[in-house]
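Colleague:
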Amino acid sequence: MKKLTPKEEEILSYFWSNGPMFVRELLDLHDEPKPHYNTLSTIVRTLEEKGYIGYKSYGNTYQYYALVSEDDYRKATLGNVVDRYFGNSYTRVVSTLIEEEKLSVDELQELIRQIKNKS
Numbered sequence: 220m221k222k223l224t225p226k227e228e229e230i231l232s233y234f235w236s237n238g239p240m241f242v243r244e245l246l247d248l249h250d251e252p253k254p255h256y257n258t259l260s261t262i263v264r265t266l267e268e269k270g271y272i273g274y275k276s277y278g279n280t281y282q283y284y285a286l287v288s289e290d291d292y293r294k295a296t297l298g299n300v301v302d303r304y305f306g307n308s309y310t311r312v313v314s315t316l317i318e319e320e321k322l323s324v325d326e327l328q329e330l331i332r333q334i335k336n337k338s
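Start counting the sequence shown at 220; every next residue gets the next number (our numbering).
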């Protein structure tokens, strides 16, 4: 998967939570000050070029929809972080979380329980 900018991720999240939309509907979801229509349209087209959203044509307008689920995106993004920063070692990730006190003993025990239940 190609890397997304924070703004592209934000726009994609609107499709995950709201389903298929026209750019005008996407614009209506934004608070004031609303972004310019052309700005949103450009971001949507970029997401389409990157393969994250598709569209259905209605005359000269398009209804866009997510091609990648939020869960698939989350997994791919996590995989990229683990690969890039932790040498593709999930053990190193967990070790770092423990060292940084981001993961408690109780949480670690819950993870171990989940692993045992999958076996």
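Ideal Cβ placement from N, Cα and C applies to all residues, glycine included.
#1: By the DSSP assignment, the beta strand (DSSP E) with Lys275 in it spans what residues?
#2: Does the count of Cβ pairs from the stretch 274 to 290 and the stretch 312 to 320 closer than 8 Å reach three?
#3: Quick check: Tyr256 and Leu245, are their CB atoms within less than 7 Å of each other?
#4: Where Val324 and Thr310 are concerned, what is the direct C-alpha to C-alpha distance, given to the nearest angstrom?
#5: Tell me which residue opens and which closes the alpha helix (DSSP H) that Thr258 is part of.
#6: How about Gly306: is its C-beta nearer than 7 Å to some C-beta of chain B?
#7: How would you label Pro285, buried or exposed, when you count the other beta carbons within 10 angstroms and need 16 or more for buried?
#8: In the DSSP assignment, find the alpha helix (DSSP H) that holds Thr296 and state where it starts and stops.
#9: Rounded to whole angstroms, what's the CA-CA distance from Val301 to Arg293? Just pull it up for me.
#10: Is Leu248 buried or exposed, if buried means 16 or more other CB atoms sit within 10 Å of its CB?
#11: Just the Cα atoms here: how many angstroms apart are Val242 and Ser260?
Modeller: Let's see:
#1: Translated into the one-based positions of the sequence shown, residue 275 becomes position 56. Run containing Lys275: 272 to 277, per the beta strand (DSSP E) assignment.
#2: Flag = no, the stretch 274 to 290 and the stretch 312 to 320 do not touch.
#3: The residue you call residue 256 lines up with position 37 of the sequence shown. The residue you call residue 245 lines up with position 26 of the sequence shown. For Tyr256 and Leu245, no; Cβs fall outside 7 Å.
#4: Translated into the one-based positions of the sequence shown, residue 324 becomes position 105. Translated into the one-based positions of the sequence shown, residue 310 becomes position 91. Between Val324 and Thr310, the alpha-carbon positions lie close to 15 Å from each other.
#5: Position 39 of the sequence shown holds residue 258. 256 to 268 is the extent of the alpha helix (DSSP H) around Thr258.
#6: Reference to chain B is not applicable here, since this structure consists of a single protein chain.
#7: Along the sequence shown, read from residue 1 onward, the residue named residue 285 stands at position 66. Checking the displayed sequence, the identity of residue 285 turns out to be Ala instead of Pro. Around the Cβ of Ala285, a 10 Å sphere holds 16 or more other Cβ atoms; the residue is buried.
#8: One-based indexing of the sequence shown puts residue 296 at position 77. Taken as a continuous stretch (DSSP letters only), the alpha helix (DSSP H) holding Thr296 covers 289 to 305.
#9: For the purposes of this step, residue 301 is taken as the residue at position 82 of the sequence shown. For the purposes of this step, residue 293 is taken as the residue at position 74 of the sequence shown. For Val301 and Arg293, the distance between alpha carbons rounds to 12 Å.
#10: As a first step, residue 248 must be located in the sequence shown, where it is residue number 29. Exposed, because fewer than 16 other Cβ atoms sit within 10 Å of the Cβ of Leu248.
#11: Taking the sequence shown and counting its residues from 1, one reaches residue 242 at position 23. Taking the sequence shown and counting its residues from 1, one reaches residue 260 at position 41. Going from the Cα of Val242 to the Cα of Ser260 covers about 6 Å.
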